[in-house]
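The structure under discussion appears below in the form of C-alpha cells.
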Amino acid sequence: MGDLAHDTAVEGADGHYIASLSPDWEIWGPNGGYVAAVALRAAGAHSRHPKPASLLCHFLEVADFEEVELRVETLRESRRAESMRVSMTQSGRRILEALVWAVDGGLSGLEHADAPAPAVPDPEDLAPIEHRLPVEDSRPRYSFFDNLEERPVNWIADWESRPAGVPVHHCWYRFRPPPIDADPWVDAGRLAILVDTFQWPAAMRGHAGGTVHHLAPSLDLACRFHRTGPAGAAEWLLVEGRSPVATEGLVGGIASVWDRQGSLLASGGQQMLCRPAPGFG
Numbered sequence: 020m021g022d023l024a025h026d027t028a029v030e031g032a033d034g035h036y037i038a039s040l041s042p043d044w045e046i047w048g049p050n051g052g053y054v055a056a057v058a059l060r061a062a063g064a065h066s067r068h069p070k071p072a073s074l075l076c077h078f079l080e081v082a083d084f085e086e087v088e089l090r091v092e093t094l095r096e097s098r099r100a101e102s103m104r105v106s107m108t109q110s111g112r113r114i115l116e117a118l119v120w121a122v123d124g125g126l127s128g129l130e131h132a133d134a135p136a137p138a139v140p141d142p143e144d145l146a147p148i149e150h151r152l153p154v155e156d157s158r159p160r161y162s163f164f165d166n167l168e169e170r171p172v173n174w175i176a177d178w179e180s181r182p183a184g185v186p187v188h189h190c191w192y193r194f195r196p197p198p199i200d201a202d203p204w205v206d207a208g209r210l211a212i213l214v215d216t217f218q219w220p221a222a223m224r225g226h227a228g229g230t231v232h233h234l235a236p237s238l239d240l241a242c243r244f245h246r247t248g249p250a251g252a253a254e255w256l257l258v259e260g261r262s263p264v265a266t267e268g269l270v271g272g273i274a275s276v277w278d279r280q281g282s283l284l285a286s287g288g289q290q291m292l293c294r295p296a297p298g299f300g
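Count along the sequence shown starting at 1, add 19, and that's the number in this note's numbering.
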C-alpha cells in the first residue's frame with residue numbers, strides 16, 4: 020500500500036526536480052493520474068501561488084517505476100496567477116507534458132454552485148468491494164487498488180456475463196492512508212487520480228461481458244480543481260465517471276468528484292486510445 024503524499028514528493032529547486040515513481044500505483048504501468056499527481060507536486064514546489072486551479076497533460080510514454088526528472092517553466096505570471104509547463108522525462112524518454120495554472124488563495128469573485136451530486140446511498144450503507152468480489156475472481160487486481168477503499172454504488176455481480184448498459188460508473192472512494200494534511204497540491208493529486216482512473220470502467224459498462232477485446236490507455240487528462248486544501252482532503256469522495264461516446268478507436272470520458280456534503284471538488288475528462296488486449300491483437 021502506498022502513501023500519496025510520500026509517493027509524489029519531489030526534490031530540487033529552480034525549476035529542476037526529481038521524483039521516484041512507486042510500484043504501489045500500478046495499473047498497466049504507473050497509473051496516469053498518479054504520474055500527473057507527481058507533475059502537480061513539481062508545479063507546487065515551483066510556484067509561489069498556493070492553490071492549483073487546473074491541469075492539462077499529455078501522456079507520451081509509459082514510465083518505469085524508477086526516478087523521473089521534472090522541468091518546470093513559468094509561461095506567464097501575474098500578481099494572482101501563474102501558468103507553468105511541466106516536462107517529465109526518464110532516461111531521456113519524454114513521459115508527460117503538462118500545463119498547470121496556480122492561483123492565490125482567498126480570492127474574491129462570483130460565488131455560485133449548480134453541480135448537484137448524484138442521489139446515491141452514503142458509503143456506510145454500501146458494502147465494501149472486498150465483500151462483493153467472488154473468492155476466485157479471474158480479473159487482475161493491480162496494486163493501485165490497495166490504496167483505495169471502494170464502496171460501489173451500481174455493482175454488477177456477474178461482470179463477465181453483464182448485459183450492455185449505461186456507460187456510467189458511481190462509487191465512493193477513500194484513500195489509504197486517509198489524508199492528514201491540507202496541502203492543496205497533494206489533494207489536487209488525489210482528485211486527479213480519481214478523475215483519470217474511472218472513465219474506462221464507465222465505458223466498459225456500455226458493452227456486454229465478453230465483447231470488449233481492447234484496452235484504452237489515456238492520451239490526455241484535463242482537470243479543474245474547484246476546491247482543494249481542507250475541502251479536497253475530505254476522506255470519502257464520490258466519483259461519477261461517464262463515457263458518452265466511443266468511436267473510431269477513441270473513447271471519450273468525463274468525470275466529477277464530490278465530497279459527502281455534495282460539494283463539487285473537481286471535474287474533468289480525457290480521451291483514451293483503444294489498442295487490442297493481449298491475446299486479441
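We treat Cβ as the ideally placed atom computed from N, Cα and C, and that holds for glycine.
Bridge partners - residue i, DSSP secondary structure assignment
{"i": "residue 243", "result": "73, 286"}
{"i": "residue 102", "result": "95, 120"}
{"i": "residue 49", "result": "45"}
{"i": "residue 270", "result": "265, 291"}
{"i": "residue 35", "result": "32, 90"}
{"i": "residue 109", "result": "112"}
{"i": "residue 163", "result": "None; residue 163 has no bridge partner."}
{"i": "residue 179", "result": "Residue 179 is not bridged to any residue."}
{"i": "residue 256", "result": "192"}
Rounded straight-line distance, which links the Cα of residue j to that of residue i
{"i": "residue 51", "j": "residue 114", "result": "10 Å"}
{"i": "residue 58", "j": "residue 117", "result": "7 Å"}
{"i": "residue 279", "j": "residue 74", "result": "24 Å"}
{"i": "residue 47", "j": "residue 111", "result": "21 Å"}
{"i": "residue 232", "j": "residue 145", "result": "31 Å"}
{"i": "residue 265", "j": "residue 288", "result": "14 Å"}
{"i": "residue 206", "j": "residue 151", "result": "29 Å"}
{"i": "residue 230", "j": "residue 183", "result": "9 Å"}
{"i": "residue 54", "j": "residue 25", "result": "13 Å"}
{"i": "residue 179", "j": "residue 242", "result": "32 Å"}
{"i": "residue 80", "j": "residue 237", "result": "10 Å"}
{"i": "residue 138", "j": "residue 256", "result": "14 Å"}
{"i": "residue 148", "j": "residue 215", "result": "20 Å"}
{"i": "residue 127", "j": "residue 136", "result": "25 Å"}
{"i": "residue 45", "j": "residue 78", "result": "15 Å"}
{"i": "residue 143", "j": "residue 281", "result": "16 Å"}
{"i": "residue 84", "j": "residue 131", "result": "42 Å"}
Other residues of its chain near residue i: CB distance less than 8 Å, five sequence neighbours each side excluded
{"i": "residue 217", "result": "188, 190, 258, 260, 274"}
{"i": "residue 181", "result": "175, 224, 227, 228"}
{"i": "residue 87", "result": "37, 38, 39, 40, 57, 107, 108, 109, 114"}
{"i": "residue 165", "result": "20, 21, 43, 195"}
{"i": "residue 67", "result": "101"}
Cβ-based burial, residue i [other Cβ within 10 Å; buried from 16]
{"i": "residue 170", "result": "buried"}
{"i": "residue 286", "result": "buried"}
{"i": "residue 161", "result": "exposed"}
{"i": "residue 125", "result": "exposed"}
{"i": "residue 65", "result": "buried"}
{"i": "residue 23", "result": "buried"}
{"i": "residue 298", "result": "exposed"}
{"i": "residue 153", "result": "exposed"}
{"i": "residue 129", "result": "exposed"}
{"i": "residue 82", "result": "buried"}
{"i": "residue 329", "result": "Absent from the structure is residue 329, since the part of the chain shown begins at 20 and ends at 300."}
{"i": "residue 246", "result": "buried"}
{"i": "residue 101", "result": "buried"}
Residue i vs residue j beta-carbon contact at 8 Å
{"i": "residue 203", "j": "residue 295", "result": "no"}
{"i": "residue 276", "j": "residue 234", "result": "no"}
{"i": "residue 99", "j": "residue 119", "result": "no"}
{"i": "residue 268", "j": "residue 262", "result": "no"}
{"i": "residue 34", "j": "residue 90", "result": "yes"}
{"i": "residue 219", "j": "residue 291", "result": "yes"}
{"i": "residue 72", "j": "residue 105", "result": "no"}
{"i": "residue 221", "j": "residue 240", "result": "no"}
{"i": "residue 13", "j": "residue 140", "result": "Outside the shown range of the chain, which is 20 to 300, sits residue 13, and nothing can be said about it."}
Same chain, Cβ closer than 6 Å to residue i, neighbours up to 5 away in sequence not counted
{"i": "residue 134", "result": "283"}
{"i": "residue 27", "result": "56, 57, 60, 208"}
{"i": "residue 197", "result": "254"}
{"i": "residue 168", "result": "193"}
{"i": "residue 293", "result": "233, 235, 268"}
Any chain C beta carbon closer than 8 Å to residue i
{"i": "residue 281", "result": "Absent from the structure: chain C. Only one protein chain is present."}
Neighbourhood of residue i by C-beta distance below 7 Å, restricted to the same chain and skipping five residues each side
{"i": "residue 199", "result": "none"}
{"i": "residue 163", "result": "44, 45, 46, 50"}
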